[in-house]
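Protein chains in written order, with our numbering: chain U, 130 to 491; chain S, 355 to 531. C-beta atoms are modelled at their ideal positions from N, C-alpha and C, and glycine is treated no differently.
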Amino acid sequence: MHPIQNSDEIFLLASKVLDEIITREEFARLEFLLNASSNNRKAYLEFIQLESLIHWEQEADPEQIEQNRNKIIPFPFLPWVASMAAVFVALFAGWWNFSHPSHTPFSSEWVAHVSLASKEKPLASGRILNKGLVTPDSIPTRSFDLLSTNTIDEDPLYMDRVISGIEMLKSRQVASEYGQIEKVGPLHRLSRMAHLSTPTEHGVLPASGMEMMAMSPLSVDVEAQTASSAEMIQILDLRDMATNMATGEVYLNVEAQFNQSFNASQEGAEFALTFHALKGEGRGEEDGLGYWESTLQCDIDPKTWEPLISGVSLPRGTEFVVVSVNIRKSGPDALLANSSRYYSDDIAVSLNTGDPSESLSF
Amino acid sequence: MSKDYISFEFSQKLVRLQRALYSYILCLLPNRTEAEDVLQETNLVLCRKSEEYDETGNFQAWAFQIARYQVMAHMTKARRSKICFSNEMIESLADEASDQTQLKLSQKALQLCYDELPAHMKDMAHLRFKEEASLKEICQKMGRPIGSVSATLHRIRKNLLQCVRQKLPVLELEAEN
Numbered sequence: 130m131h132p133i134q135n136s137d138e139i140f141l142l143a144s145k146v147l148d149e150i151i152t153r154e155e156f157a158r159l160e161f162l163l164n165a166s167s168n169n170r171k172a173y174l175e176f177i178q179l180e181s182l183i184h185w186e187q188e189a190d191p192e193q194i195e196q197n198r199n200k201i202i203p204f205p206f207l208p209w210v211a212s213m214a215a216v217f218v219a220l221f222a223g224w225w226n227f228s229h230p231s232h233t234p235f236s237s238e239w240v241a242h243v244s245l246a247s248k249e250k251p252l253a254s255g256r257i258l259n260k261g262l263v264t265p266d267s268i269p270t271r272s273f274d275l276l277s278t279n280t281i282d283e284d285p286l287y288m289d290r291v292i293s294g295i296e297m298l299k300s301r302q303v304a305s306e307y308g309q310i311e312k313v314g315p316l317h318r319l320s321r322m323a324h325l326s327t328p329t330e331h332g333v334l335p336a337s338g339m340e341m342m343a344m345s346p347l348s349v350d351v352e353a354q355t356a357s358s359a360e361m362i363q364i365l366d367l368r369d370m371a372t373n374m375a376t377g378e379v380y381l382n383v384e385a386q387f388n389q390s391f392n393a394s395q396e397g398a399e400f401a402l403t404f405h406a407l408k409g410e411g412r413g414e415e416d417g418l419g420y421w422e423s424t425l426q427c428d429i430d431p432k433t434w435e436p437l438i439s440g441v442s443l444p445r446g447t448e449f450v451v452v453s454v455n456i457r458k459s460g461p462d463a464l465l466a467n468s469s470r471y472y473s474d475d476i477a478v479s480l481n482t483g484d485p486s487e488s489l490s491f
Numbered sequence: 355m356s357k358d359y360i361s362f363e364f365s366q367k368l369v370r371l372q373r374a375l376y377s378y379i380l381c382l383l384p385n386r387t388e389a390e391d392v393l394q395e396t397n398l399v400l401c402r403k404s405e406e407y408d409e410t411g412n413f414q415a416w417a418f419q420i421a422r423y424q425v426m427a428h429m430t431k432a433r434r435s436k437i438c439f440s441n442e443m444i445e446s447l448a449d450e451a452s453d454q455t456q457l458k459l460s461q462k463a464l465q466l467c468y469d470e471l472p473a474h475m476k477d478m479a480h481l482r483f484k485e486e487a488s489l490k491e492i493c494q495k496m497g498r499p500i501g502s503v504s505a506t507l508h509r510i511r512k513n514l515l516q517c518v519r520q521k522l523p524v525l526e527l528e529a530e531n
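So this is what it looks like as structure tokens:
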């Protein structure tokens, strides 16, 4: 057998390899030809590279899309906002450390750990059947399961944030790196919405207005091929609704929209709205009254926002409700989860009681 | 269990390299399904080793080297039952396949050429390349014998290759300007 001068035979054999119809003899001939000359190998590589591109031809080019989006979407004030936010956080960190010496050690190392919110993991370790969940007919719910009545003790950082947030609410401290306290009607709430706020970025426009909330990067478990994050959005202080809480006739409704920036994944992330009903400080098991979550599979189109509406009847005795957003991915895509950024917008919370004068929307 | 944070920058680099990485693996392992499996395995190893990556180094060279080892490991497992290249051939192809500089322009040219395919070829190309149908499935759907389908697919690939070769110089000129 002699090496051929043109590449037709190599193309034919390569085509048969790709279509998985090559015989052992033909494959031996291909290998012989490839061994014979560098030109033959170049011809083979050119042919196979084209095959790989045909496969990718069907996919969008992530880099190109990102470049195109960057061309048309300005980021006018981001460096200024980021600098101001950093200064704000640093000032409060210093103030907090000085004024709360007995609190959890607030060393520079600990501050850095807080900033790495991606170390968080989802609170739920498994689902149990929806037990005793009562929602009014008017509240549409999706995939809504009562998960556990334990306290949120699975993630120390998350628990620390919640406990610190509740302490803030109890002391009516106005703001810290955990969020800021707002008064809504008769209630107080700790909100992190301003802390997470960002203008348009990574080709994602806010669902409405000029800003949306950027979730923390996901923590990737390489071995398990899972990625997840949990972001506490707000804590509602319901102690001033004591009358209604005693009768258990308070319904919490939350609406939100979710989106993610473009990446190479075939599937979007799973978003979940989660609620923790707590009494006291949420430190002990007896303080956890309920944990619910409602999930949504996000699409991969950054132009569309997916809405999620959830509602829950709060257990009697609830003093605080922690509202969070969890994000999860699994499988090989999870490894590249942080090539996307994840967003939430238009979060609307309402509390409905038997007394119309006490119903609140915010 | 390791629980490692993979940086946004690392993820971006890995995502940008996916096309070149897949192309590289397919050259060494010319079977699409197996190449996709090895790509996933390579991604996994790259993520596991992300902390070892020197950010000042050549990411592509580092990733290709790991991909080459993954192909070798895959071949070792598959060699007894499947038709595959010898280790020497893989080494030889791997050295020459590392040049992926033209990939972006080739992709652009290919998109133009794909649109220019005759209708009957486009139908078959769609089945094979987009729906990833096997030859047997294409035969059933199009009511044609396997030899005819195989020959048409070969002509599609050759047509595209010739077309891309013609368009590349023009696109290169455009890119320079």
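Exercise. Are the C-beta atoms of Y407(S) and some chain U residue less than 8 angstroms apart?
Worked result: Taking the second sequence and counting its residues from 1, the one referred to as residue 407(S) is at position 53. Taking Cβ atoms only, chain U never reaches closer than 8 angstroms to Y407(S), which makes this a no.
Exercise. Which chain U residues are close to N397(S), counting only those with a beta carbon under 9 angstroms from its beta carbon?
Worked result: Reading the second sequence from its first residue, position 43 is the one you call residue 397(S). Going along chain U in sequence order, the residues near N397(S) (Cβ under 9 angstroms) are P461, L464 and L465.
Exercise. Where S377(S) and L407(U) are concerned, what is the direct C-alpha to C-alpha distance, given to the nearest angstrom?
Worked result: Locating residue 377(S) in the second sequence gives position 23, counting from the first residue. Locating residue 407(U) in the first sequence gives position 278, counting from the first residue. Rounded to the nearest angstrom, the two C-alpha atoms are 53 angstroms apart.
Exercise. Mind checking if I150(U) is an interface residue toward chain S, Cβ cutoff 8 angstroms exclusive?
Worked result: Here residue 150(U) corresponds to residue number 21 of the first sequence, with the count starting at 1. Judged by the 8 angstroms Cβ criterion, I150(U) is in contact with chain S.
Problem set entry | Bridge-paired residues (DSSP) for K495(S) | In the second sequence, counting from the first residue as 1, residue 495(S) sits at position 141. K495(S) pairs with nothing; no bridge assigned.
Problem set entry | 7 angstroms CB neighbourhood of M339(U) in its chain, flanking five on each side removed | The residue labelled residue 339(U) in the question sits at position 210 within the first sequence. Here the set comprises P328.
Problem set entry | Where N531(S) falls, given that 16 or more other Cβ within 10 Å makes a residue buried | The residue you call residue 531(S) lines up with position 177 of the second sequence. N531(S) is exposed by the Cβ-count criterion.
Exercise. How would you list, in chain order, the residues of chain S whose beta-carbon sits under 9 angstroms from the beta-carbon of F140(U)?
Worked result: Reading the first sequence from its first residue, position 11 is the one you call residue 140(U). Chain-order list of chain S residues neighbouring F140(U): H508, R511, K512 and L515, by C-beta distance under 9 angstroms.
For this session: With 8 angstroms as the threshold, decide whether the Cβ of V450(U) is near any Cβ in chain S.
Result: For the purposes of this step, residue 450(U) is taken as residue 321 along the first sequence, with counting starting at 1. With 8 angstroms as the cut-off, V450(U) does not count as an interface residue toward chain S.
For this session: Using a Cβ-Cβ cut-off of less than 7 angstroms, list which residues of the segment 356-385 of chain S approach chain U; keep chain order.
Result: S356, K357, D358, Y359, I360, F362, S365, Q366, L368, V369, R370, Q372, R373, Y376, S377, L380, C381, P384 and N385
Exercise. Cβ of H317(U) within 7 angstroms of any heavy atom in the ligand ADP?
Worked result: Annotation note on the ligand ADP: not contained in the displayed structure, which lists no ligands.
Exercise. With 16 as the cutoff for other CB atoms within 10 Å, does S144(U) come out buried or exposed?
Worked result: As a working mapping, residue 144(U) is identified with position 15 in the first sequence. It counts as buried.
Exercise. Which class does S440(S) belong to by DSSP, given the choice of helix, strand or coil?
Worked result: Translated into the one-based positions of the second sequence, residue 440(S) becomes position 86. Residue state, collapsed to three classes: coil.
Exercise. Can the beta-carbon of I177(U) be found closer than 8 angstroms to that of P384(S)?
Worked result: Taking the first residue of the first sequence as 1, we reach residue 177(U) at position 48. Taking the first residue of the second sequence as 1, we reach residue 384(S) at position 30. With respect to the 8 angstroms criterion, I177(U) and P384(S) are classified as neighbours on the basis of their beta carbons.
Exercise. So with Cβ pairs under 8 angstroms, would you call Q302(U) a contact of chain S?
Worked result: What you label residue 302(U) is simply residue 173 of the first sequence in a count that begins at 1. No - not a single Cβ of chain S is within 8 angstroms of the one on Q302(U).
For this session: Report all residues from its chain with a CB closer than 6 angstroms to the CB of F413(S); omit the five preceding and five following residues, and keep chain order.
Result: Looking up residue 413(S) in the second sequence gives position 59. The residues are K367.
Problem set entry | Limits of the alpha helix (DSSP H) - the one that D532(S) falls within | Absent from the structure is residue 532(S), since the part of chain S shown begins at 355 and ends at 531.
For this session: Mark Q494(S) as exposed unless 16 or more other C-beta atoms lie within 10 angstroms of its C-beta, in which case mark it buried.
Result: Position 140 of the second sequence, counted from the first residue, corresponds to residue 494(S). It counts as exposed.
For this session: Give me whichever residues DSSP pairs with P505(U) in a beta bridge.
Result: Only positions 130 to 491 of chain U appear in the structure, and residue 505(U) is not among them; the question remains open.
Exercise. Using a Cβ-Cβ distance under 8 angstroms, would A451(S) count as near chain U?
Worked result: Counting from one through the second sequence, the residue named residue 451(S) turns up at place 97. A451(S) counts as touching chain U.
Exercise. Which stretch, first to last residue, makes up the beta strand (DSSP E) that contains N385(S)?
Worked result: Counting from 1 along the second sequence, the entry for residue 385(S) is found at position 31. Unbroken run through N385(S): none, as it is neither H nor E.
Exercise. Within 8 angstroms (strictly less), CB to CB, does R170(U) reach chain S?
Worked result: Mapped onto the first sequence, residue 170(U) falls at position 41. Output row for R170(U): interface = yes.
Problem set entry | Proximity to I151(U) [Cα-Cα], best of M429(S), T387(S) and C438(S) | The residue you call residue 151(U) lines up with position 22 of the first sequence. The candidate whose alpha carbon is nearest that of I151(U) is C438(S).
Problem set entry | Three-state secondary structure (DSSP) of L325(U) | Here residue 325(U) refers to the residue found at position 196 when the first sequence is read from its first residue. The three-state secondary structure of L325(U), taken from DSSP, is coil.
For this session: Answer with yes or no whether the minimum CB distance from R158(U) to chain A is below 8 angstroms.
Result: The question asks about chain A, but that chain is absent: this structure's protein chains are U and S.
Exercise. When the cut-off is 8 angstroms and only beta carbons count, does F483(S) lie next to chain U?
Worked result: Within the second sequence, the letter at position 129 stands for residue 483(S). By this cut-off, F483(S) is an interface position.
Problem set entry | Contact with chain U by M496(S), beta-carbon distance below 8 angstroms | On the second sequence, residue 496(S) is found 142 positions in, with the first residue counted as 1. With 8 angstroms as the cut-off, M496(S) does not count as an interface residue toward chain U.
Exercise. So, using beta-carbon positions, are S495(U) and A401(U) closer together than 8 angstroms?
Worked result: As shown, chain U starts at 130 and ends at 491. That puts residue 495(U) outside it, with no answer to give.
For this session: Pull up the CB-CB distance for H331(U) and R470(U), whole angstroms please, since I reckon it's below 8 angstroms.
Result: Here residue 331(U) is taken as the residue at index 202 of the first sequence, counted from 1. Here residue 470(U) is taken as the residue at index 341 of the first sequence, counted from 1. Right, their Cβ atoms sit about 5 angstroms apart.
For this session: Leaving out five residues on either side along the sequence, give the residues of the same chain with a beta carbon under 6 angstroms from the beta carbon of A374(S).
Result: Within the second sequence, residue 374(S) is the residue found at index 20, counting from 1. Q454 and L457.
For this session: Counting only the same chain and skipping the five closest in sequence on each side, list residues whose C-beta sits under 7 angstroms from that of N392(U).
Result: Counted from its first residue, the first sequence places residue 392(U) at position 263. So the list reads P191, L465, S468 and S469, once near-sequence residues are dropped.
Problem set entry | Outcome for I500(S) when other beta-carbon atoms lying within 10 angstroms are tallied against a minimum of 16 | Translated into the one-based positions of the second sequence, residue 500(S) becomes position 146. That one is exposed.
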